[in-house]
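Undergrad: My structure is below; once you've seen it, I'll send some questions.
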Amino acid sequence: MNNHMTDYSSDCIFCKIIQGKLPARKVYEDDLTMAFWDANPTSPIHILIVPKTHIPTLNDVAQDDTLMCRIGQAAQKIAKDFGVAESGYRLFINVNRGGGQVVFHLHAHLVAGNDVGTFFIKAAIGTAILWRKLVSFVKGPKR
Ligand code: DGP
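Residue 239, in our numbering, is where the sequence shown stops; the numbers in between run on with no holes.
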């Protein structure tokens, strides 16, 4: 069930994009959602999928709302259009400040290609493993 009418917030940049008051590179639109390129992409493909109505965070989506299902369906179509459905992509939502959310209009990030976030996570894990090996080598075998 979709319980909300289209509702805009006057100080929200994504609401302004949805209304055509701010430019964006739109890639997809249906009755409930819109998708456009992220202004600061961290990957060769970095698309934001947003509800057309102003919902600040994932926490504000009603339990009986089918919106998140519709965002997932939009992601499926966009991934197919960009030719990454089979090769793979990531779909994630930052929730509130502690979760890295900067723009308080619910949005899902669809990223594919050389994702900078994934690169740094892998680099950090790799460095930690190497560091532990180096420390145990310097300490020598356990007696
Ligand atoms: P988050 O940290 O999850 O709230 O992500 C916000 C994203 O929104 C961030 O990756 C950059 C993007 N962004 C911020 N302002 C604009 C804008 O005016 N236009 C577009 N297309 N993206 C924006």
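Positions of the beta carbon are idealized from the N, C-alpha and C atoms, including for glycine.
Distance check for residue 130 and residue 148, CA to CA, integer angstroms please.
TA: Answer to the nearest angstrom: the Cα atoms are 6 Å apart.
Undergrad: Name the residue from 158, 167, 117 whose alpha carbon lies nearest to the alpha carbon of residue 203.
TA: When each option's Cα is compared against that of residue 203, the closest is 167.
Undergrad: Contact defined as beta carbons within less than 8 Å: I believe residue 192 pairs with residue 153. What is the distance between those atoms, to the nearest angstrom?
TA: Their Cβ separation, rounded to whole angstroms, is 6 Å, which keeps residue 192 and residue 153 in contact under 8 Å.
Undergrad: Under 8 Å, with one C-beta from each stretch per pair, do the stretch 154-161 and the stretch 172-183 reach the 3-pair mark?
TA: Taking 8 Å as the limit for Cβ pairs, the verdict is that the stretch 172-183 does not touch the stretch 154-161.
Undergrad: Tell me the rounded alpha-carbon separation between residue 138 and residue 232.
TA: About 35 Å.
Undergrad: Rounded to a whole number of angstroms, what is the C-alpha to C-alpha distance between residue 110 and residue 145?
TA: The straight-line gap from Cα to Cα measures roughly 10 Å.
Undergrad: Excluding the 5 residues preceding and the 5 following residue 97 in the sequence, name in chain order all residues of the same chain whose CB lies nearer than 8 Å to its CB.
TA: Confidence at residue 97 is low in this model, with a pLDDT of 48, below 50, so its placement is unreliable and the value that follows should be read with caution. 160, 161, 162.
Undergrad: Taking the alpha helix (DSSP H) that residue 171 belongs to, which residues open and close that run?
TA: Segment 163-177, the alpha helix (DSSP H) holding residue 171.
Undergrad: Taking a contact to mean a Cβ-Cβ separation below 7 Å, would you say residue 207 touches residue 186 in this structure?
TA: It is a contact, given that the beta carbons lie within the stated cut-off.
Undergrad: Residue range of the beta strand (DSSP E) that residue 122 falls in?
TA: Where residue 122 is concerned, the enclosing beta strand (DSSP E) stretches over 122-125.
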